[in-house]
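J.: Here it is: the structure, laid out below.
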Amino acid sequence: MYKAFFGFKENPFNLSPDPTFLYRSSMHEEALANLIYGVQSRKGFIVLTGEVGTGKTTLLECLRDFLDEQTIEFAFIFNSRITPDQFFEMIAYDLDLRCNRNSKTEVLFALNHLLIQQANEGRTSVLIVDEAHNLEWEVLEEIRLLGNLENRRGKLIQIILAGQPELDRKLDAPNLRQLKQRIVLRTSLQPFREEDTVAYIHSRMERAGMPDQTVFPPELVAEVHLRSKGIPRVINAICDNLLLTTFALEQRVSTTEMLDEVCRDMRLEWSSNRLGRGERGRYTPDAYDQPSFSRGD
C-alpha cells in the first residue's frame, strides 16, 4: 500500500522468512556457518535454538537454499505436532522415497537405501525439523535411532533440530540423555543489541529500495529497539505499521507519537527510555517481560 509513496520496490518488513532479506549479523553468520559446517562434516546431530521471532526459520531457509545449490538431498519437517507414523510419512514424501509411505518398515528400508547410495557418491542427506520443541518423546526417540545410520566416513544423515529454548530443556530430560550425548554442535540466536537493530532496519530499507533511509530518525530507531526488545519479528511488525501510519498521515518522517499509536494498537508493553524528558513509561518494567502483540505475528 505504501510502496509507491516511499519509493520501495518491495515491502521492507514482511514477516515471511525471506532469505534475501537476511541481515547477516555476526551472530547469524556464525549460526549459519555452524549449520553448514555440521552438514558438510557429517557431524550427525545439530541443534539451533532461539527465542520466538529471532530468525530461526529464516536461517533454515538460507540453509535450504545452500542445500539446493549443492544438490544435497534433504527433508524439511515444518509441523512438529506429529505422531511417529506421520513423521516417517513426511520424510518419505519430502525425499520422494519409492515405497509404501504408510509403512514405517518400508520407509526405513527405502531411506537406508537412499542414504547408502548418496554416501557411495560422496554425498550426504539432511533432515531438518523446525519447531522441534513440540516433538513428542516417541518422535524424538525415532530421530535418535535415525542417527545410528552411519559408515566409516561419518553419519549417513545429518539431523538439524531447530526450536525455542524449551528444546534445550527437553533434551536435558533423563530419558533423552542418549540423544543429548549425540549432539555435536549447538548454536543459538539471541535478540539484537541496539547497534544490530539499527543496522537491521537500514539493511532492510536498502534492500527494498531506500539506501539512505530518512523515514525513521535515529532516536526513533532507538525507541523501536527498546520496545521490540531487539526481536527481529517484532521490529518488522512495528516498522511495517509505522510506515503504514506515516503514509496514511501523508508524512515522510515517522514520529514518536506515531510509534506510541502503533504500539498501543499492537498491545505492546514497554518501559520508556525517555524518562529524562519528564515522561513516564507506558508500563512498569515488571510488566515488560515478553513482547506480545495481536497484529502481524
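The opening residue of the sequence shown carries number 17 in my numbering; numbering runs sequentially from there.
Just so it is clear, CB atoms sit at the ideal spot from N, CA and C, and this is done for glycine as well.
From the DSSP output, in three-state form, read off E266 for me.
T.: In the sequence shown, the residue the question calls residue 266 occupies position 250. Three-state result, E266: coil.
J.: Whose C-beta lies closer than 6 Å to the C-beta of Y299 among residues of the same chain, with five residues either side of it excluded?
T.: Residue numbering aside, residue 299 sits at position 283 when the sequence shown is read from its first letter. Residue placement at Y299 is poorly supported in this model, since its pLDDT is 37, which falls under 50; the coordinates are not used for a value here.
J.: CB-CB under 6 Å to S41, same chain, minus the five flanking residues each way: which ones, in chain order?
T.: In the sequence shown, residue 41 corresponds to position 25, counting from 1. Cβ neighbours of S41 beyond the five flanking positions: D212.
J.: Can you give me the C-alpha to C-alpha distance between V200 and E210, rounded to a whole angstrom?
T.: One-based indexing of the sequence shown puts residue 200 at position 184. One-based indexing of the sequence shown puts residue 210 at position 194. Straight-line Cα distance between these residues: approximately 32 Å.
J.: For the segment 23-31 against the segment 249-260, are there 3 or more C-beta pairs whose distance is under 8 Å?
T.: Touching, per the Cβ criterion.
J.: May I ask which residues mark the beginning and end of the alpha helix (DSSP H) holding F24?
T.: Counted from its first residue, the sequence shown places residue 24 at position 8. It is not in any alpha helix (DSSP H) - F24 carries neither H nor E in the DSSP assignment.
J.: Which stretch, first to last residue, makes up the beta strand (DSSP E) that contains I132?
T.: Taking the first residue of the sequence shown as position 1, residue 132 is located at position 116. Per DSSP, I132 belongs to no beta strand (DSSP E); it is in the alpha helix (DSSP H), 120-136.
J.: Using the three-state DSSP reduction, which class does A238 fall into: helix, strand or coil?
T.: Along the sequence shown, one-based indexing puts residue 238 at 222. Helix at A238.
J.: Report the option in Y39, S96, Q86 whose CA atom is closest to the CA atom of Q180.
T.: As a first step, residue 180 is located in the sequence shown; it is residue number 164 there, counting from the start. Minimum Cα distance to Q180 is reached at S96.
J.: Give the DSSP bridge partners of T65, in chain order.
T.: As a first step, residue 65 must be located in the sequence shown, where it is residue number 49. Beta-bridge pairing links T65 to G179, S204.
J.: Thinking C-alpha only, which one of L75, R169, L242, E154 is nearest A49?
T.: Translated into the one-based positions of the sequence shown, residue 49 becomes position 33. Of the candidates L75, R169, L242, E154, the one whose C-alpha sits nearest the C-alpha of A49 is L75.
J.: Going by CA-CA distance only, name the one from Y18, K25, A20, M17 that's closest to G225.
T.: For the purposes of this step, residue 225 is identified with residue 209 of the sequence shown, where counting begins at 1. Among Y18, K25, A20, M17, the Cα nearest to that of G225 is on K25.
J.: Mind reading off the beta-carbon distance from V269 to V237? Whole number of angstroms is fine, and I expect it under 8 Å.
T.: For the purposes of this step, residue 269 is taken as the residue at position 253 of the sequence shown. For the purposes of this step, residue 237 is taken as the residue at position 221 of the sequence shown. Contact doesn't hold; Cβ gap of about 12 Å is too wide.
J.: May I ask you to report which of helix, strand or coil DSSP gives L315?
T.: It is not possible to answer for residue 315, since the shown part of the chain is limited to 17 through 313.
J.: Going straight from the alpha carbon of R160 to that of K196, what length do you get?
T.: To locate residue 160, count along the sequence shown from 1; it is residue 144. To locate residue 196, count along the sequence shown from 1; it is residue 180. In a straight line, the C-alpha of R160 is about 9 Å away from that of K196.
J.: Which value, in whole angstroms, describes the spacing of the CA atoms of V55 and G71?
T.: Working through the sequence shown from its first residue, we reach residue 55 at position 39. Working through the sequence shown from its first residue, we reach residue 71 at position 55. Using only the alpha carbons, I get a separation of about 20 Å.
J.: Taking 8 Å as the threshold, find out whether the segment 123-134 comes into contact with the segment 144-157 through three or more Cβ pairs.
T.: Touching, no.
J.: Taking 8 Å as the limit between beta carbons, can you name the residues of its chain near G118, skipping five residues before and five after?
T.: Here residue 118 corresponds to residue number 102 of the sequence shown, with the count starting at 1. Going by the sequence as given, residue 118 is Asn instead of Gly. Excluding residues within five positions, the ones whose Cβ falls inside 8 Å are D101, E105.
J.: Please name the residue in S244, I173, A20, R193 whose C-alpha comes closest to that of Q206.
T.: Numbered from its first residue, the sequence shown carries residue 206 at position 190. Minimum Cα distance to Q206 is reached at S244.
J.: Across which residues does DSSP place L143 in a beta bridge pair?
T.: Position 127 of the sequence shown, counted from the start, is the residue given in the question as residue 143. A91, I175.
J.: Taking the straight line between their C-alpha atoms, what separation do you get for G60 and T271?
T.: Along the sequence shown, one-based indexing puts residue 60 at 44. Along the sequence shown, one-based indexing puts residue 271 at 255. Near 50 Å, if we compare the C-alpha coordinates of T271 and G60.
J.: Is it buried or exposed for Y39, if we count other Cβ within 10 angstroms and need 16 for buried?
T.: Here residue 39 refers to the residue found at position 23 of the sequence shown. Classification of Y39: buried, given that the 10 Å Cβ count is 16 or more.
J.: Tell me the DSSP secondary structure of I98 in three-state form.
T.: Reading the sequence shown from its first residue, position 82 is the one you call residue 98. Note: I98 maps to coil in three-state DSSP.
J.: Whole angstroms is fine: what's the gap from G69's alpha carbon to I247's?
T.: Residue numbering aside, residue 69 sits at position 53 when the sequence shown is read from its first letter. Residue numbering aside, residue 247 sits at position 231 when the sequence shown is read from its first letter. Answer to the nearest angstrom: the Cα atoms are 6 Å apart.
J.: Short of 6 Å in beta carbon distance, which residues of its chain neighbour Q306, apart from the five on each side in sequence? Order them along the chain.
T.: Your numbering for residue 306 matches position 290 in the sequence shown. At Q306 the pLDDT is 44, less than 50, meaning the model places this residue with poor confidence and gives no usable figure here.
J.: Which first and last residues belong to the alpha helix (DSSP H) in which A148 is found?
T.: Position 132 of the sequence shown, counting from 1, holds the residue named residue 148. Here A148 belongs to no alpha helix (DSSP H), and DSSP marks it neither H nor E.
J.: What are the boundary residues of the alpha helix (DSSP H) that includes D34?
T.: Here the question's residue 34 lines up with position 18 in the sequence shown. First-last for D34: undefined, no H or E at that position.
J.: Shortest alpha-carbon distance to R198 belongs to which of M221, I217, I173?
T.: Numbered from 1 along the sequence shown, position 182 holds the residue referred to as residue 198. When only C-alpha atoms are compared, the closest one is I173.
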